[in-house]
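K.L.:
Residues in the sequence shown are numbered from 1 upward in steps of one, following UniProt numbering.
For every residue, glycine included, the Cβ atom is placed at its ideal position computed from N, Cα and C.
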Amino acid sequence: MEATHFIADKFARTKNMLEAMALGKLIVNHLWLESCGQAKCFIDEKNYILRDMKREKEIGFNMPVSLARARQKPVLKGKRVYITPHIKPDKEVIASLVAAVHGQVVDESEVCDDINDYSLDDLLILSCEDDYAICHRFLKRGIAVYSSELVLNGIVIQKLELERGAHAPYKIFVLQQSNTD
1 MEATHFIADK
11 FARTKNMLEA
21 MALGKLIVNH
31 LWLESCGQAK
41 CFIDEKNYIL
51 RDMKREKEIG
61 FNMPVSLARA
71 RQKPVLKGKR
81 VYITPHIKPD
91 KEVIASLVAA
101 VHGQVVDESE
111 VCDDINDYSL
121 DDLLILSCED
131 DYAICHRFLK
141 RGIAVYSSEL
151 VLNGIVIQKL
161 ELERGAHAPY
171 KIFVLQQSNT
181 D
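The following block contains the structure:
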């Protein structure tokens, strides 16, 4: 995304808005555009940053804070991400968002090589229920598998919630994992 600003009147988890958030772009409301037109120049965006208080409260984020965090330290910087084929939203959308937050998308052969080398600290596996057969070998080794919500929500709140208290809200196959032996 080469734009410097993203204009919206309400928060929506669209690919474009998530990409703008991931990149720390300024997300402003339409009044900023109107004010710039009246002033015949760009004006300070600070008073026009999109605030959707209802959605921010529901999700648990603060738009200005999320945008600042995105610029300082992208959520997936230093992480490799394997995305299984049937993930929702589709693999291309997730891969694009992973790249926007500085994650490195890796293919299956790279992951399989790493399983044997046990160098998995920087690896995230994103999948869905339809790809259980693919994930079985990871689960057998105790490797967590997450839904795409880990990244989608992570972009919004600018934090990966791998674990929260006694559970991990975005882990999938948790029940099956205990039965893979």
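1. In the DSSP assignment, find the unbroken alpha helix (DSSP H) run with residue 152 in it and report its ends.
2. Residue 16 to residue 94, Cα distance in whole Å?
3. Which ranges would you report for the alpha helix (DSSP H) in the stretch 57–143 if only whole runs of at least 4 residues count?
4. Grab the span of the beta strand (DSSP E) containing residue 26 for me, first residue to last.
5. Counting only the same chain and skipping the five closest in sequence on each side, list residues whose C-beta sits under 6 Å from that of residue 82.
6. Reducing DSSP to helix, strand and coil, say where residue 146 ends up.
7. For residue 16, report the span of its alpha helix (DSSP H) as first-last.
8. Taking 8 Å as the threshold, find out whether the stretch 128–137 comes into contact with the stretch 37–47 through three or more Cβ pairs.
9. Give a yes or no on whether the C-beta atoms belonging to residue 100 and residue 22 are separated by under 8 Å.
10. Given this structure, state the Cα-to-Cα distance separating residue 127 from residue 138, to the nearest angstrom.
11. How is residue 40 classed by DSSP in three states: helix, strand or coil?
12. Can you tell me whether residue 46 is helix, strand or coil according to DSSP?
P.N.:
In brief:
1. Element bounds for residue 152: 149–157.
2. Taking C-alpha positions only, residue 16 is separated from residue 94 by approximately 12 Å.
3. Runs found: 63–72, 91–100, 108–117, 132–140.
4. Counting along the chain, the beta strand (DSSP E) containing residue 26 begins and ends at 26–28.
5. Within its own chain, the residues whose Cβ lies closer than 6 Å to the Cβ of residue 82, once the five positions on either side in sequence are excluded, are 106, 111, 125, listed in chain order.
6. It is a strand residue.
7. In this chain, the alpha helix (DSSP H) harbouring residue 16 covers 15–22.
8. Judged by pairs of C-beta atoms under 8 Å, the stretch 128–137 does not touch the stretch 37–47, as fewer than three such pairs exist.
9. For the pair residue 100 and residue 22, the CB atoms are nearer than the 8 Å cut-off.
10. Pairing residue 127 with residue 138, the inter-Cα distance amounts to about 11 Å.
11. Residue 40 falls in the coil class under three-state DSSP.
12. Assignment of residue 46 by DSSP, reduced to helix, strand and coil, places it in the helix class.
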